[in-house]
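Sequences listed follow chains A and B, in order.
Just so we're aligned, residue 1 is where the first sequence starts under the working numbering, counting upward by one.
Just so we're aligned, residue 1 is where the second sequence starts under the working numbering, counting upward by one.
From the three backbone atoms N, C-alpha and C, an ideal C-beta is built for every residue, glycine too.
What follows is a single structure, written as structure tokens, with notes after it.
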Amino acid sequence: MSDSILLTTLDEAMRWGKGKSLWPFTFGLACCAIEMMSAMGSDYDWARFGADVFRDSPRHADLMIVSGTVTKKMAPRIRRLYDQMAFPKYVISMGACASAGGPYVRGYSVVDGVDQVVPVDVYVFGCPPRPEALISALKQLQDGIVSGKVKH
Amino acid sequence: MEDKVIEVNFGPQHPSTHGVLRIKVKLDGEIIMDAYPVIGYLHRNAEKLSEMGAYPKALIYIDRLDYVASLNNELGYVLSAEKLMDAQVPERAQWIRMMLVELNRIASHLVWLGTHGLDMGMLTPYFYCWRERERILRIFDEITGSRLLYNYFAIGGVYSDITPKAIDMIKEFLSDFGSKLEEIQAIFAKNYIYVKRTRDVGKLSLEDALSYGVTGPLLRASGKKWDLRKNQPYLYYDQVNFDIPVRQEGDVYARFQVRIEEMRQSIKIAQQVISKIPEGEFYNKKFSKPMLVRLKGTGDSYVPTESPKGEYGVYLVGDGSTIPYRVRIRSPSFANLSALPIMLKGYKIADLTATVSSLDPVFGEVDR
């Protein structure tokens, strides 16, 4: 009995640790990448929320922010980068293009949303979303991880 | 071990490719023998989608070409469409356009400067540049209601008038941006390592630049005094005073100097414009909002403009209907990128990031 109580509390501690120490992946695709950089820049400074260690290698990172239009040429590379990331891993789909094709949905070379390639945890609307929206998505993801609703 | 040349892939995911560029590099030891840029990872049919809707509807795709300088892109399209339709634009609208375009040029160069710093291993200038850029974006937010992609210029004028609050914000920004720019410039120019890594790196001679169709700051850094604002004035650029910065060296450091000096000239232009904005209408009544989707054009038109990257223009062909028959975009980044192999040949692999970032490529524009 006492073992199980210890286990659940340890689990909770692990989830809290996972949620509050996300390392995002420097991965810019298009316009939204500029707003992602604004969110990590001086004014919005999302280091406040414990996700400021931007990593250039997928093997170091555990949060992929898909920021921009996913084309048919890029989609296999995104899947490959996602596969290279170590568990636990999470994906934020930033902007209309990554979520559903956006204004380019009628194009012949555009994938209608990155969720056809990798599993997405949080969608952000907007074209491009303001940095506040991205920070709100990050908070949502963190809360989801801590409460156990989001599993890698 | 006769054949020592190895082929290395750079990108499409790499922090210093400014997007999704892939370069196939042939290396002999650490000397670059040949480089071959592979593009198309962000090809999203901007031209074809623009040909599917009415004339003003193309603006949202034009916005997203060079997404750090949207207003400069819109200007090229709008001027071309107005020439196609013989539209008269009120003076006030033209001056507003001119001021915002110059502010956006500063914002675009600041993005370049910050990311160039990141590529060269400096994190500090990124935060300095973004602090100043956010001030410009707040001005645009006040005027156009959007931070990054504005859809503000319309055929026959602009969508909304400029507010007194925005004018105060612009005046405040212009009054002290010059000193902030000096501060940022000092971080680079007084850094021994930065200067060492960029002097005599990525050289492009004037003949090569001209034969590859290189324009903008790269051409001016190679020694050609060519700026469309001066040589083929559009809007009211013939009524303001400014200089064209030129350097003869043609290396990465010269491009840095040219871009910094261009920002100073943009401040100068914007200061003159703000004292010259006349009262009056901000759009042509003939092109009111319900009329915009019914505009018809016949013939063809092309107006070259000087975007932060170089010569930008949209070649429009109208067949008399409400939908453009052809929208051909002349994007400066694409032409500039084609000269990359020349700039890289013979240099070391460590110089590659400096050279690529000195081009300031934006892939919305390269791949379209």
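Between the C-alpha atoms of residue i and residue j, what's the straight-line distance to the nearest angstrom?
i        : j        : result
B:Gln257 : B:Leu42  : 30 Å
A:Asp52  : B:Ala209 : 40 Å
B:Ile6   : A:Val118 : 33 Å
B:His14  : B:Val20  : 8 Å
B:Trp112 : B:Ser301 : 31 Å
B:Leu352 : A:Trp23  : 27 Å
A:Lys18  : B:Arg220 : 50 Å
B:Arg64  : B:Ser358 : 22 Å
A:Asp11  : A:Gln140 : 20 Å
A:Met1   : A:Thr9   : Low per-residue confidence applies at A:Met1: pLDDT is 49, beneath 50, and the placement is therefore not dependable, though the value from the model is reported in the following sentence. Taking the straight line from one Cα to the other gives about 13 Å.
A:Pro103 : B:Gly53  : 12 Å
B:Val158 : B:Lys83  : 16 Å
A:Val124 : B:Lys196 : 43 Å
B:Gln265 : B:Val303 : 23 Å
A:Gly148 : A:Tyr44  : 27 Å
A:Ala13  : A:Ala86  : 20 Å
Note down, in chain order, every chain A residue with its Cβ under 8 Å from the Cβ of residue i.
i        : result
B:Trp130 : Met37, Ser38, Gly41, Ser42, Asp43
B:Gly364 : Ala30, Cys31
Chain B partners of residue i, CB-CB under 9 Å?
i        : result
A:Asp115 : Near A:Asp115 there are no residues of chain B at all, since even the closest Cβ is about 18 Å away, more than 9 Å.
A:Met85  : Here the premise fails: no neighbours, minimum Cβ distance about 12 Å.
A:Leu81  : Gln13
A:Tyr104 : Arg44, Asn45, Ala46, Leu49, Tyr61, Arg64
Less than 9 Å between the beta carbons of residue i and residue j, yes or no?
i        : j        : result
A:Val66  : A:Val120 : yes
A:Cys31  : B:Leu149 : yes
A:Ser93  : A:Val122 : yes
B:Phe282 : B:Leu295 : no
B:Pro217 : B:Glu262 : yes
B:Arg97  : B:Leu75  : yes
A:Asp115 : A:Tyr90  : no
B:Ile106 : B:Phe188 : no
B:Tyr236 : B:Gln94  : yes
B:Ile184 : B:Glu142 : no
A:Met37  : B:Trp130 : yes
B:Val252 : B:Ala335 : no
B:Ser50  : B:Ile39  : no
Please state whether DSSP places residue i in a helix, a strand or coil.
i        : result
B:Ile162 : coil
A:Ser147 : helix
B:Ala154 : strand
A:Gly95  : helix
A:Pro24  : strand
B:Arg22  : strand
A:Thr9   : helix
B:Glu249 : coil
Note down, in chain order, every chain B residue with its Cβ under 8 Å from the Cβ of residue i.
i        : result
A:Val110 : Arg44, Asn45
A:Ile34  : Tyr67, Val68, Val111, Leu148
Listing by chain order, which chain A residues have their CB less than 7 Å from the CB of residue i?
i       : result
B:Gly40 : Lys73
B:Val20 : Leu29, Met74
Check whether the Cβ of residue i lies closer than 8 Å to any heavy atom of the ligand SAM, and answer yes or no.
i       : result
A:Trp46 : Because no ligand of any kind appears in the structure shown, any question about the ligand SAM cannot be addressed here.
Using the beta-carbon of each residue, which ones in chain B are nearer than 7 Å to residue i?
i        : result
A:Gly144 : Correct list: empty, because the minimum Cβ distance to chain B is about 26 Å.
Distance cutoff 9 Å, beta carbons only. Does residue i sit that close to anything in chain C?
i       : result
A:Pro58 : Checking the listed chains, one finds no chain C in this structure; the protein chains it contains are A and B.
ask   = Which runs of the alpha helix (DSSP H) fall wholly inside the segment 270-357 of chain B and span at least 4 residues, in chain order?
value = 289-292, 332-338, 340-344
ask   = Which full runs of the alpha helix (DSSP H) of 4+ residues lie inside the segment 28-63 of chain B, going along the chain?
value = 46-50, 59-63
ask   = For the segment 80-141 of chain A, which segments carrying the beta strand (DSSP E) assignment without a break, of at least 3 residues, lie completely within its bounds, in sequence order?
value = 90-94, 122-124
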